[in-house]
Amino acid sequence: METILDTEFDARDLRKAFGRFATGVTVVTAALPDGRRVGITANSFTSVSMSPPLVSWNYRRDAFGLALLMQASHFAVHVLAEDQMHLSPQFASPVPDRFAGVSVSEGLGGVPLIDGCGATFECRLWSTFEAGDHVIIVGEVLRYTHSDAPPLVFHAGSYLQWPRAWHV
Ligand SMILES: Cc1cc2nc3c(=O)[nH]c(=O)nc-3n(C[C@H](O)[C@H](O)[C@H](O)COP(=O)(O)O)c2cc1C
Numbered sequence: 039m040e041t042i043l044d045t046e047f048d049a050r051d052l053r054k055a056f057g058r059f060a061t062g063v064t065v066v067t068a069a070l071p072d073g074r075r076v077g078i079t080a081n082s083f084t085s086v087s088m089s090p091p092l093v094s095w096n097y098r099r100d101a102f103g104l105a106l107l108m109q110a111s112h113f114a115v116h117v118l119a120e121d122q123m124h125l126s127p128q129f130a131s132p133v134p135d136r137f138a139g140v141s142v143s144e145g146l147g148g149v150p151l152i153d154g155c156g157a158t159f160e161c162r163l164w165s166t167f168e169a170g171d172h173v174i175i176v177g178e179v180l181r182y183t184h185s186d187a188p189p190l191v192f193h194a195g196s197y198l199q200w201p202r203a204w205h206v
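When you read off a place in the sequence shown, starting at 1, and then add 38, the result is the number in our numbering.
Rendered as structure tokens:
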């Protein structure tokens, strides 16, 4: 184990340390006023509050899609199931249409809803907070679904197969 106390952290090493925290993987989608759709892979999702029901995720400030997303009043967070692993790189890549081959229906505020996820949270944009090189985006959950599908897990830059579960 290595303890690092410098204020001038090495970015690659700090990212590696942050990546030791295992997460799920989500795809956040929204519909723009002009009808375009945006979708972004994000593992920074977290539940925030029960009353009111709030969730958050963080978007890189210089990301192409941030200004677009800020035009939308609603967004949906899709918790990916294990068998949706291919969607994670698809919604993180500069492909012409990230929704190509993805089956969607229309949610609140016209948000594209992806079928077959572990959970889906349809949100109204609640607030944003600038936080360094990211923006924290908080949504109020207006409607949600969930299933027993095994989750997609992300750890240390790799996707993991769902491990043994211990009940708490
Ligand atoms: C597993 C995974 C998790 C990611 N999590 C985030 C995240 O939480 N926030 C973020 O800004 N980018 C995250 N990214 C990167 C974005 O998906 C990627 O930069 C995407 O291109 C941003 O969309 P844009 O280019 O349309 O703005 C993640 C990528 C992967 C593969």
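Ideal Cβ placement from N, Cα and C applies to all residues, glycine included. Predicted model, so just to flag it, every value in this text is computed and none were measured.
- When C-alpha distances from I175 are compared across A68, Q128, L52, D121, the shortest belongs to A68.
- When rounded, the separation of the alpha-carbon atoms in T41 and S131 is 34 Å.
- Taking 7 Å as the cut-off, one finds at least one heavy atom of ligand 1 near enough to the beta carbon of I78.
- Looking from the CA of I152, the closest CA among T79, W200, A55, Q199 belongs to T79.
- G147 is positioned such that its CB atom lies closer than 8 Å to that of A110.
- In this structure, A130 has its beta carbon less than 7 Å from a heavy atom of ligand 1.
- By the 16-neighbour rule on beta-carbons within 10 angstroms, Q199 is exposed.
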